[in-house]
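Sequential numbering from 1153 applies to the sequence shown in this note's numbering. Everything below concerns the one structure shown next.
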Amino acid sequence: MNVGGQHFRTIWLKPEDDRIVQLIDQRFLPHQFIVEEVTTVAGMAAAIREMHVRGAGLIGAAAGYGMYLAALESAATGSFEGELQRAAAQLRATRPTAVNLAWAIERQLRAMGESQGELAKVAIALQTARAIAEEDAEHCRRIGEHGLDLIREIARRKGGQPVNVLTHCNAGWLAFVDHGSATAPIYAAHDAGLPVHVWVDETRPRNQGSKLTAWELGEHGVPHTVIADNTGGHLMQRGEVDLVLVGTDRTTYTGDVANKIGTYLKALAAKDNEVPFYVALPSSSFDWKMRDGLKEIPIEERGSDEVKHADGWAEGRHVEVRVTPEASDAANYGFDVTPRRLVSGLITERGVCAADERSILALFPEHAP
Ligand code: MRU
């Protein structure tokens, strides 16, 4: 997507040296646009763990490039297989909820396992990292096409009045390689001239909504309003939300959806107010093994400091302040699971389907048991 008129992806190989991965360090957005260079597996693991990069698709792409860096490092050690497995474990341990992480690592291990010789393994790792990133961007583009039909239909019913979409967290291009999942239909609608307005949940504690989604919508010229996290239910009761559109970090093949903490409450409010609740995802975010999302999806718990503090920009620098009493404990659950019965539909690169096993496997028959 464009930043100040220049096209950027979230992660790419340095044009002059393909042993260096470049990525947008999202910790400083929207105040500073910083490109970081990563040259080691340890560096990539830190970038994922500390959330320089975040969001399901981008975590997958970063892991893909991380495994390429692992191949380069392993080739220099003389014990390729052992080093590669160690690097895979290091990357796997960074964040637990987004399934794209393990998916990309396994894909790289499989690809390298099928080729002989260290040079060939490095070459295939490079090719696979590029393929993972390209597919992510292309799948999100197609999600935009399929989701556009949904927004177009609502716009038709509203007779030219703006379509109000509520979104949670950041499932925008910053959470993928390009386009985003939940934002792709919004960008497609805006680009097609449909009137669309987005309610942006701020998404405490890290504020991916107010910092990242608001920034990228603004860069694209999409009208939007940032709201405090608990506002969505009120807006739905007043008829001011036509569609809830969110992303996901892991969706079971039966249709249970893990997404940023607070998503479940939006889904409950949407059900109570008969507002359609859609989830946009590339197939890399399906978990083809898990059946029961509530019981099986691992939910990340992060440090309590993220809840106890708020951060922002003051007088030209980044500042952090405590917002709780010093002695109070805080809990920081990163994600929740929305059961399939609350989900109106899933928007994938192959089309829109119901959030149930039969419909999902009808779109992706290669994953049928
Ligand atoms: O903790 P994050 O920022 O990596 O969380 C991911 C998210 O931004 C959301 O959960 C998003 O809605 C789904 S990821 C496309």
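Note that beta-carbon positions come from the ideal geometry of N, C-alpha and C, so glycine has one too.
For residue i, the three-state DSSP class (helix, strand or coil)
i	result
R1474	strand
A1520	coil
L1397	strand
F1328	coil
C1321	coil
A1256	helix
F1232	helix
I1303	helix
A1514	helix
Q1178	helix
K1273	helix
N1316	strand
T1365	helix
Y1430	strand
Q1184	coil
R1402	strand
H1204	coil
V1374	coil
E1168	coil
N1411	strand
N1154	strand
E1392	coil
E1354	coil
E1189	strand
Nearest candidate by alpha-carbon position, reference residue i, set the options
i	options	result
R1492	Y1430, T1280, A1344, D1177	Y1430
A1239	T1249, A1250, A1254	A1254
G1384	A1245, L1417, Q1360	L1417
V1350	F1328, S1362, A1344, V1374	V1374
L1271	E1225, M1442, S1456	E1225
G1370	D1439, R1247, R1454, I1338	I1338
G1234	L1261, I1200, L1420, T1355	L1261
N1316	A1199, P1428, G1296, I1172	P1428
A1336	S1456, K1273, G1296, L1181	G1296
A1432	E1501, V1251, Q1158	E1501
M1442	T1406, V1471, R1454, A1285	T1406
G1131	A1285, R1390, W1440	This structure leaves residue 1131 out entirely; the chain is present only between 1153 and 1521.
G1361	I1276, G1311, R1390, G1414	G1414
I1306	T1400, V1274, A1341, H1331	A1341
I1186	I1163, A1194, D1170	I1163
L1181	R1469, S1437, A1213	R1469
P1357	A1227, V1473, F1232, A1520	V1473
A1241	I1257, G1399, G1312	I1257
G1156	L1515, S1496, E1467, H1372	H1372
G1311	G1497, G1503, V1348	V1348
S1496	G1503, A1507, E1452, D1488	A1507
T1293	F1160, D1330, A1520, L1513	Note on residue identity: the sequence assigns Arg, not Thr, to residue 1293. Ranking F1160, D1330, A1520, L1513 by Cα distance to R1293 puts D1330 first.
D1381	T1365, G1391, T1355, K1363	T1355
D1169	Q1389, L1221, E1202	L1221
Rounded distance between the beta-carbons of residue j and residue i, thought under 8 Å
i	j	result
L1165	M1196	The Cβ separation is near 13 Å, so there is no contact.
S1333	A1344	In fact, because the Cβ distance is near 18 Å, the residues do not count as touching under 8 Å.
G1486	F1328	In fact, because the Cβ distance is near 18 Å, the residues do not count as touching under 8 Å.
H1291	P1434	4 Å
D1408	G1445	3 Å
L1494	L1387	Actually they do not touch by this definition, with Cβ atoms about 18 Å apart.
E1178	H1204	One detail in the question is off: residue 1178 reads as Gln in this sequence, not Glu. Q1178 to H1204, Cβ: 6 Å. Contact.
C1543	N1411	In the structure displayed, the chain extends from 1153 to 1521; residue 1543 sits before or after that span and is not available.
R1402	D1353	Contact flag wrong, Cβ pair sits at about 20 Å.
L1236	A1199	About 19 Å separates the two Cβ atoms, so there is no contact after all.
I1211	A1245	The Cβ separation is near 13 Å, so there is no contact.
M1264	A1223	7 Å
W1325	E1368	6 Å
S1437	T1404	Not really, about 11 Å apart at Cβ, beyond 8 Å.
S1456	N1484	5 Å
E1526	P1248	Beyond the ends of the chain as shown, which are 1153 and 1521, falls residue 1526; an answer cannot be given.
Residue i Cβ short of 8 Å to the ligand MN heavy atom set
i	result
N1411	With respect to small molecules bound, the structure shown includes the ligand MRU and not the ligand MN.
Below-9 Å beta-carbon distance, residue i vs any chain B residue
i	result
G1497	Considering every chain present, this structure includes no chain B. It has just one protein chain.
Worksheet item: With contact counted as at least three CB pairs below 8 Å, one residue from each stretch, are the segment 1478 to 1486 and the segment 1456 to 1466 in contact?
Response: yes
Worksheet item: Is the segment 1362 to 1376 close to the segment 1388 to 1400, with three or more CB pairs under 8 Å?
Response: no
Fill in: Validate contact between the segment 1216 to 1231 and the segment 1185 to 1202 using beta carbons, cut 8 Å, 3 pairs
yes
Item to complete: May I have a chain-ordered list of the alpha helix (DSSP H) segments no shorter than 4 residues that lie completely inside the segment 1440 to 1512?
Response: 1445 to 1448, 1457 to 1460
Worksheet item: Can you find at least 3 beta carbon pairs, one from the segment 1300 to 1313 and one from the segment 1273 to 1287, that sit closer than 8 Å?
Response: They do not touch, by the three-pair rule.
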